[in-house]
Amino acid sequence: MAVNWTNVTDFADFPSLANDASGGTFWAGILQMVWVVILLLGMGYGLEIALLFSAFIGLILALFLAYSGLVAFGFVVQFAAIILVTILYIIYSSDGK
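The sequence shown stops at residue 270 when you use our numbering, and every number in between is there.
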C-alpha cells in the first residue's frame, strides 16, 4: 500500500495519515490493543479491578482520540458502558456482605 506523502504538510497530519492508509482502523485497533494489554496486566488484582482500571484508561484514551477525530465516539460509549456494567456487577454480586 502506497502512502501519499504529499498530503503531509506538518507534524499534526501524521496521526490522520496512518488512519487514512489503513482505512480508518489504525487508531481503533491501537486503542483496543492497549486496552487488552492493560486488562491482562491488571488481572493479578482480580477481574473487577482489572476491568475498572483498564476501562478507565481506555476511556481517557478514547476521549482524546475521539476529540482528535481519529476514532468514533462509540469507543467512548463502549468504555463508559464497561465501567458502568462492572460497577453494577460489583454492587449486586456482593450477596449482602
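All C-beta atoms, glycine included, are put in the ideal place defined by N, C-alpha and C.
Quiz item: Thinking just about the alpha-carbon of each residue, which of Val249, Ala228, Phe226, Leu224 is nearest to the one in Phe237?
Solution: Sorting Val249, Ala228, Phe226, Leu224 by C-alpha distance to the C-alpha of Phe237 places Val249 at the top.
Exercise. Compute the distance between the beta-carbons of Leu224 and Ile255, then report whether it is under 8 Å.
Key: Yes, Cβ-Cβ distance for Leu224 and Ile255 is below 8 Å.
Quiz item: For the segment 237-261, which segments carrying the beta strand (DSSP E) assignment without a break, of at least 3 residues, lie completely within its bounds, in sequence order?
Solution: Here no run is fully enclosed.
Practice problem: Could you spell out the range, first to last residue, of the alpha helix (DSSP H) harbouring Met206? | Solution: Start and end: 199-215.
Quiz item: So what's Gly231 in DSSP terms, helix, strand or just coil?
Solution: Helix at Gly231.
Self-check item: Nearest neighbour of Leu257, chosen from Ser189, Phe229, Gly242, Pro188 [CA to CA]
Solution: Checking every option, the nearest Cα to that of Leu257 belongs to Phe229.
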